[in-house]
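Everything on this sheet refers to the single structure shown next.
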Amino acid sequence: KAGVTQTPRYLIKTRGQQVTLSCSPISGHRSVSWYQQTPGQGLQFLFEYFSETQRNKGNFPGRFSGRQFSNSRSEMNVSTLELGDSALYLCASSSGRLSPDTQYFGPGTRLTVL
Amino acid sequence: SQELEQSPQSLIVQEGKNLTINCTSSKTLYGLYWYKQKYGEGLIFLMMLQKGGEEKSHEKITAKLDEKKQQSSLHITASQPSHAGIYLCGADMRAAQGGSEKLVFGKGTKLTVNP
Chain S
201 KAGVTQTPRY LIKTRGQQVT LSCSPISGHR SVSWYQQTPG QGLQFLFEYF SETQRNKGNF
261 PGRFSGRQFS NSRSEMNVST LELGDSALYL CASSSGRLSP DTQYFGPGTR LTVL
Chain A
71 SQELEQSPQS LIVQEGKNLT INCTSSKTLY GLYWYKQKYG EGLIFLMMLQ KGGEEKSHEK
131 ITAKLDEKKQ QSSLHITASQ PSHAGIYLCG ADMRAAQGGS EKLVFGKGTK LTVNP
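These protein sequence lines map, in sequence, to chains S and A. Note that this note's numbering numbers the first sequence so that position 109 is 309, with each residue one more than the last. Note that this note's numbering numbers the second sequence so that position 56 is 126, with each residue one more than the last.
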């Protein structure tokens, strides 16, 4: 089975721009979660999508949004980029059942905001 | 406040030595996951523990969850350079917050193994 894929792997943007990141989950997985990883804050949960609906949300501003398509692929969008948005963005896929449900991570997208 | 505390923050060992990484929570853990990350890359799933007192092993790595389900340890026997990386524990906070699974992670332990 192919693993979780994320595109692009690297991205450089300037402040004020917006960006869209993509995640393709493991075949058969219906849940996709997004995380932001920075040296200072570590790995922080952004949101989770299951069956095209946002099922869970972390404590991030509304500039961070996402969606999930009928094939379970997910996109994450960040509008009006700030320098502090520079981070490694990771997505994880899982079956979507409530308990327990191991998450498998993609390689991440490294976003640099200048 | 950080809900999961990992210790130590970094660890440097000589190849062949044993080591232990700890993960502690002030709340009951309903699922505890251990992952390994190479710098700047994705997380590789190692093990998941759910029951108090549970212990799992994979090759030279053993993870345990204490009876109270508030602390987990990851033990590596006879470490090798291939064990180097960042080890992260993640906990299922679903039961504490309601709703579906949501993982909270510790800040990680950076392991260096010198040949």
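Think of the CB as a built atom: it goes at the ideal place given N, C-alpha and C, for glycine as much as any other residue. Note that the structure is a prediction, hence the values are computed from the model and not measured.
query = Can you list, in chain order, the residues of its chain whose CB lies under 8 Å from that of Q241/S, leaving out five sequence neighbours each side?
reply = Beyond the five residues adjoining it in sequence on each side, Q241/S comes within less than 8 Å, by CB distance, of no other residue in the same chain.
inquiry  = Any beta carbon of chain S sitting closer than 8 Å to that of K126/A?
reply    = The beta carbon of K126/A does not come within 8 Å of any beta carbon belonging to chain S, so the residue lies off that interface.
key: Q303/S: contacting residues in chain A (beta-carbon distance under 7 Å)   = Neighbours of Q303/S on chain A, chain order: L173.
key: Close beta carbons around D285/S, own chain, < 7 Å, minus the five adjacent residues each side   = Within the same chain, D285/S has close Cβ partners V278, L311 and V313.
ask   = Under 8 Å between the Cβ atoms of G216/S and L281/S?
value = Cβ atoms of G216/S and L281/S: closer than 8 Å.
task = Sort out for me which residues DSSP pairs N92/A with in a bridge.
result = In the DSSP output, where bridge partners are listed per residue, N92/A has S77/A and S143/A.
ask   = Using DSSP with H/G/I as helix, E/B as strand and the rest coil, what is S71/A?
value = Note on S71/A: pLDDT 49, under 50, position unreliable in the model; no value is reported.
inquiry  = Determine whether the beta carbon atoms of S322/S and R273/S lie at a separation below 8 Å.
reply    = Nothing about residue 322/S can be read from this structure; chain S reaches only from 201 to 314.
ask   = Between G178/A and chain S, is there a C-beta pair that is closer than 8 Å?
value = Yes, its Cβ sits closer than 8 Å to a Cβ of chain S.
Where S270/S falls: helix, strand or coil (DSSP) = Coil, per DSSP.
task = Run the CB neighbour count on T179/A, radius 10 Å, all protein chains shown included, and call it buried at 16 or more, exposed below.
result = Buried, because 16 or more other Cβ atoms sit within 10 Å of the Cβ of T179/A.
task = Just the chain A side, please: which residues come within less than 9 Å of L311/S by C-beta, in chain order?
result = Proximity of chain A to L311/S at the Cβ level (cut-off 9 Å) is not reached, the minimal Cβ distance being about 12 Å.
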